[in-house]
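Okay, structure first, notes after.
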Amino acid sequence: MGTASKNMRRTIVPIVTRYGSVGVQLLVVTVVAQKLDAVGTSQYFTLMGWVLTSYFWVGAGLPDGAVKEVPALVVLGHHEEAARVVRRTFAVGLGTIPLGFITSVGFAYQISHQLEAAFGVGLWWSAYAAIFVAAQVLVATGSPALGSAIFYGAANLGQLCITIPAVLLLSTVETADVLTLTGLGTAVTAALSVFVALRAVRRVTTSAQTAGTEFHPLVDGHVRSALHSGAAIAVGRFVQAAIIWTPVWIAGVALNAEAAADMGIASRLVSAVAGVIAAVRFSVRPEIAAAAAVGDWDGIERTGRRIAAAASALAVLAIVSSAGLGGFMIPLIFGDAHQGVAVLTVILLFGTLGESFGGPVDETLKMSGDANFVLLAQLSVVASSAIIQLLSATWLGPEVQAVSYACGFSALYAVLIARLSRARGVVLVPGRWRQ
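Note that our numbering has the sequence shown beginning at 1, numbered continuously upward.
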């Protein structure tokens with residue numbers, strides 16, 4: 001009963017916190033769409049895309065590598081080495097945030113030409129990076145539910161309590177106001193997240209010392225291994241997120257601010273469905289890494305197929321619901337100026353269906369030593385999809401651009417499913433586990 005309860009909590013908590021965060025994000029998007037004009041909304045989504053794709057760079061991949069390395073070390077009984085990796089991950093992760101802050105300020109200034117807006121984006125990026133480091137440390141140290149709750153809920157809690165009320169109280173709102181308040185709201189909960197993670201670091205360090213082992217906070221083979229494997233995963237996260245945001249960026253370049261704003265709203269609506277599979281993937285990584293370390297591929301397949309079935313069913317339900325109600329609900333919520341969002345949302349959801357069909361296939365490949373292949377596949381898709389989307393948007397409009405994106409995203413997961421099947425004999429598709 002204890003194991004069942006733990007597994008249930010590991011699955012339910014990420015989904016609940018993810019959907020709570022999605023609800024807050026949609027509320028933020030609604031406020032932004034109603035308060036800003038098309039140009040301001042387009043700038044907001046462009047810079048939001050920058051933050052949500054690039055903060056994975058923090059720590060040069062060490063936070064991701066720790067999630068892969070630490071559970072494997074623990075299951076093999078190497079607690080001293082596991083504690084060393086955790087400590088170094090926390091220090092390096094937080095230590096690289098200033099570089100990301102400066103880079104984000106520079107990028108945001110090029111887009112907005114406003115110092116206030118640029119500072120807000122830098123603070124926004126730094127807060128997300130700090131939350132990511134804290135969440136990864138908690139997942140690596142055996143608290144996946146808490147780590148997932150912080151990863152998906154901390155930033156949005158700050159925006160719910162600070163950003164949204166402040167924006168609503170302002171009589172006139174500029175893009176710089178929204179970006180600055182978003183950065184401030186996120187920073188508050190980021191600080192609390194770092195404090196929680198610091199306690200976890202101290203706990204695992206004390207446990208290793210109490211066990212009678214000597215602790216040396218120096219780079220060793222396991223830290224280097226975590227950095228090596230994590231770098232590929234982190235770059236893959238960036239590329240994966242960039243794929244998701246390419247429709248917004250390309251619409252802004254090839255079409256106009258109105259199309260980019262519509263595409264940005266549609267992508268955020270789609271994230272409500274994609275969030276389930278993303279949340280579960282985030283929390284099951286230590287379990288996959290530990291199972292791969294001992295060769296439990298049957299267990300990986302059983303878990304993966306169940307996740308794929310649930311996520312695919314939700315994606316289908318979302319497509320049907322959006323097709324039936326989107327034309328009425330979306331203009332009602334976001335305004336008549338965004339009527340085109342309904343069609344774009346349905347089309348983009350087919351890409352999410354393709355992602356859901358493979359369950360945690362990409363995380364399984366990453367956690368079992370095949371991160372380089374995943375990265376190569378992602379790079380191929382982001383390059384080819386961007387070109388096809390650009391041509392589609394230029395010549396045929398945003399709807400055909402969205403179709404190009406959905407096809408490319410689905411093709412990526414078809415390739416990953418085939419790779420895992422050939423490499424490990426594991427088929428992660430919806431259905432019951434093969435006996």
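Yeah, the Cβ is synthetic: ideal placement off N, Cα and C, and Gly gets one too.
Limits of the unbroken alpha helix (DSSP H) element including residue i
i, result
"D64", "62-75"
"G59", "Counting along the chain, G59 falls outside any alpha helix (DSSP H), and DSSP gives it neither H nor E."
"Q339", "Premise fails: Q339 is in no alpha helix (DSSP H) and is neither H nor E."
"D298", "297-334"
"V381", "371-396"
"H78", "Segment: none, H78 is in no alpha helix (DSSP H) and carries neither H nor E."
"G153", "144-158"
"I164", "164-169"
Of the residues the options, the one placed nearest residue i, counting alpha carbons only
i, options, result
"S385", "L332, A310, I250, G23", "I250"
"S356", "D370, E80, V273, A66", "V273"
"N156", "L379, W124, L138", "W124"
"T103", "V58, D64, V137", "V58"
"A492", "V39, Q25, L26", "Residue 492 is absent from the structure shown; the chain starts at 1 and stops at 435."
"A259", "V105, A242, E174, T345", "T345"
"R302", "V70, G425, Q401", "G425"
"Y413", "A82, L348, D362, V51", "D362"
"L24", "Q378, A323, C161", "The residue you asked about is not Leu; residue 24 is Val in the sequence shown. Looking at the Cα atoms, C161 is the closest of the given residues."
"P165", "A402, V32, G299, A406", "V32"
"L353", "N372, V316, L115, T189", "V316"
"V178", "I347, G147, V86, K35", "K35"
"L184", "E174, D298, G158, A145", "G158"
"A390", "I347, F373, G252, A423", "The question names Ala, yet the displayed sequence has Leu at residue 390. Closest by alpha carbon: G252."
"A318", "Q114, F101, S404, L349", "L349"
"C407", "S321, N372, I243, G326", "I243"
"A405", "I417, I387, L416", "Residue identity check: residue 405 is Tyr in the sequence provided, not Ala. The shortest C-alpha separation from Y405 is found at I387."
Between the CA atoms of residue j and residue i - distance to the nearest angstrom
i, j, result
"F328", "I150", "34 Å"
"S392", "P398", "8 Å"
"S410", "T246", "15 Å"
"H263", "T205", "The sequence shown places Met at residue 263, not His. Roughly 46 Å separates the two Cα atoms."
"V270", "G93", "30 Å"
"S267", "G77", "44 Å"
"A231", "T172", "43 Å"
"P430", "S143", "28 Å"
"V29", "A342", "15 Å"
"A118", "T180", "8 Å"
"D64", "G369", "13 Å"
"L218", "S380", "Because the pLDDT at L218 is just 43, under 50, the model does not fix this residue reliably, and the point stays unresolved."
"L420", "M48", "33 Å"
"A310", "I300", "16 Å"
"V427", "L62", "29 Å"
"A293", "R305", "20 Å"
"L52", "L26", "15 Å"
Under the three-state DSSP convention, the category residue i falls into
i, result
"G464", "There is no way to answer for residue 464, as the model of the chain reaches only from 1 to 435."
"S410", "helix"
"P360", "coil"
"L428", "coil"
"L416", "helix"
"N256", "coil"
"S225", "helix"
"A423", "helix"
"D37", "coil"
"S193", "helix"
"T175", "helix"
"L348", "helix"
"L353", "helix"
"A293", "helix"
"Q114", "coil"
"T182", "helix"
"S271", "helix"
"T89", "helix"
"S368", "coil"
"T206", "helix"
"T53", "helix"
"T246", "helix"
"T141", "coil"
Closer than 7 Å: residue i CB and nearest the ligand GDP heavy atom
i, result
"A83", "Annotation note on the ligand GDP: not contained in the displayed structure, which lists no ligands."
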